[in-house]
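Worksheet for the structure shown next.
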Amino acid sequence: MKKFIDYSEEVKKAIGMNKPLVALESTIISHGMPYPKNVETALMCEDVVRKNGAVPATIAIIKGRIKIGLTHEEIEYLANAKGILKMSRRDIPAVIAQNQDGAATVAATMIIANLAGIKIFATGGIGGVHRNAQNTFDISADLQELGKTSVAVVCAGVKSILDIGLTLEYLETLGVPILGYKTEKFPAFYTDDSGYKVDYQVNGAVHAAQILRTKWELGLNGGVVIANPIPSEYSMDKEYIDSVIKKAISQAELKGIKGKEITPFLLESIKDITKGESLSANIELVLNNAKVAAMIACEL
Ligand code: PSU
Ligand code: MN
Numbered sequence: 002m003k004k005f006i007d008y009s010e011e012v013k014k015a016i017g018m019n020k021p022l023v024a025l026e027s028t029i030i031s032h033g034m035p036y037p038k039n040v041e042t043a044l045m046c047e048d049v050v051r052k053n054g055a056v057p058a059t060i061a062i063i064k065g066r067i068k069i070g071l072t073h074e075e076i077e078y079l080a081n082a083k084g085i086l087k088m089s090r091r092d093i094p095a096v097i098a099q100n101q102d103g104a105a106t107v108a109a110t111m112i113i114a115n116l117a118g119i120k121i122f123a124t125g126g127i128g129g130v131h132r133n134a135q136n137t138f139d140i141s142a143d144l145q146e147l148g149k150t151s152v153a154v155v156c157a158g159v160k161s162i163l164d165i166g167l168t169l170e171y172l173e174t175l176g177v178p179i180l181g182y183k184t185e186k187f188p189a190f191y192t193d194d195s196g197y198k199v200d201y202q203v204n205g206a207v208h209a210a211q212i213l214r215t216k217w218e219l220g221l222n223g224g225v226v227i228a229n230p231i232p233s234e235y236s237m238d239k240e241y242i243d244s245v246i247k248k249a250i251s252q253a254e255l256k257g258i259k260g261k262e263i264t265p266f267l268l269e270s271i272k273d274i275t276k277g278e279s280l281s282a283n284i285e286l287v288l289n290n291a292k293v294a295a296m297i298a299c300e301l
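Here the sequence shown is numbered in my numbering, starting from 2 and rising by one per residue.
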């Protein structure tokens, strides 16, 4: 396993000194945001993690090598290069064996973080059960990964491009606890309330770390969702964003967009329809998640 992995200098040092680490994903860089905001956000996230006492490990595969911790140049490369693969569990072996590049989704980041013993991971939103999944079978591999890989994911909930209720049902079936960070409401990414409840509210990083430690000490393998709502000053108007999402989904249907292309397509259309407002909200919530993840990593 070790022969596939390259650690950045910063991460290597942190492991040697037993410092807390926070994993960060790279699909958000290659497929989730436009250039150059993607690079700026990735670098800002790393800084927020450092400022809050932990060490960032942004994860990707470059030329067939698993990278735990990326240099600025590597982040630029993922942000700019054409044809970077959006890589989930199924893609990892082929990407490595064929010396390709892969940006890590939530599922892939969890797998690689776990290989390196990193237990906390910050991102924007996780994948989930798509609307109309009863016909398309489109359920993100992120959910299965949460069911089996022992990494906690700090996110701002689930976007209503997905079926939030079905996503929560699916996570319940897989035994994945949903912890609300200082909230009892499950957030909906651009807004702080999806209308659904979390399983347990935690009152801070210490409380969250206690539950994580207990789960894994009991041998209850699998992930945890730590739902951290977008800060209220950046929260979007619910009715407005719902109508935008509806429009974006009908554009996707019209164009016949399917499979792994659907999430990036919807993110981009939502950004265009909102004239960038959704992107600003997205950036703010990711930074906020990086902060909370660093605080929990320090407690763990
Ligand atoms: N949600 C976002 N931004 C993203 C993604 C989700 O707001 O960039 C990415 C994540 O990497 C997530 C992936 O793991 O999309 C899920 O894709 P799919 O639905 O195809 O599994
Ligand atoms: Mn899918």
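All residues carry an ideal CB built from backbone N, CA and C; glycine is no exception.
Per DSSP, reduced to three states, the secondary structure at T59 is strand. Below 8 Å, too few C-beta pairs join the region 212-223 and the region 181-198 to call them touching: fewer than three. If you draw a 10 Å sphere on the C-beta of F138, you find fewer than 16 other C-beta atoms in it, and that means exposed.
The Cβ atoms of G125 and V287 sit closer than 8 Å to each other.
Residue environment for I250: buried (at least 16 other C-beta atoms within 10 angstroms of its C-beta). If you look at A98, you'll find it in the alpha helix (DSSP H) that goes 93-98.
For C46, DSSP records no beta bridge to any residue. I69: member of the beta strand (DSSP E) spanning 66-69, first to last residue. Its chain contains P21, N53, G54, A55, A206 as the residues whose beta carbon lies nearer than 8 Å to that of C299, once the 5 sequence neighbours on both sides are disregarded; these appear in chain order. Residues G129, V130, H131, R132 of the same chain have their beta carbon placed closer than 7 Å to that of L163, with the five preceding and five following residues left out of the count. The C-alpha of G260 is placed about 32 Å away from the C-alpha of V50. Boundaries around I113 are those of the alpha helix (DSSP H), 107-116, since no beta strand (DSSP E) includes it.
When rounded, the separation of the alpha-carbon atoms in M45 and K13 is 21 Å. Within the same chain, Cβ atoms closer than 6 Å to the Cβ of V155 are found at A123, I227, N229, N290, V293, A294, the five residues on either side in sequence being excluded.
Apart from sequence neighbours up to five positions away, the residues of its chain that approach S31 with a beta-carbon distance below 6 Å are L79, I85, A104, ordered along the chain. The Cβ atoms of V245 and T264 lie no closer than 8 Å to each other. Shown in chain order are the residues whose CB sits closer than 5 Å to a heavy atom of ligand 1: T28, I29, G33, T106, V107, G125, G126, G128, S141, D143, K261, T264.
A straight line joining the alpha-carbon of P37 with that of I16 spans about 31 Å. Not one heavy atom of ligand 2 falls within 7 Å of the beta-carbon of D92. For I284, the closest alpha carbon among the candidates A43, V159, V225, Q99 is that of A43. In this structure, DSSP gives Y36 a state outside helix and strand, which the three-state scheme calls coil. The C-alpha of E278 is placed about 16 Å away from the C-alpha of A157.
Rounded to the nearest angstrom, the Cβ distance from R90 to E146 is 6 Å, consistent with a contact under 8 Å.
For A282 against F266, the beta-carbon gap comes to about 18 Å, at or over 8 Å, which does not count as contact. At a Cβ-Cβ threshold of 8 Å, A114 and M88 do not count as neighbours. 8 Å or more divides the Cβ of I62 from the Cβ of I6. Closest in C-alpha terms to Q99, from the list I67, G118, M111, comes I67. In its chain, beyond the 5 residues on either side, G129, V130, I140, L144 have a beta carbon closer than 8 Å to the beta carbon of Y171.
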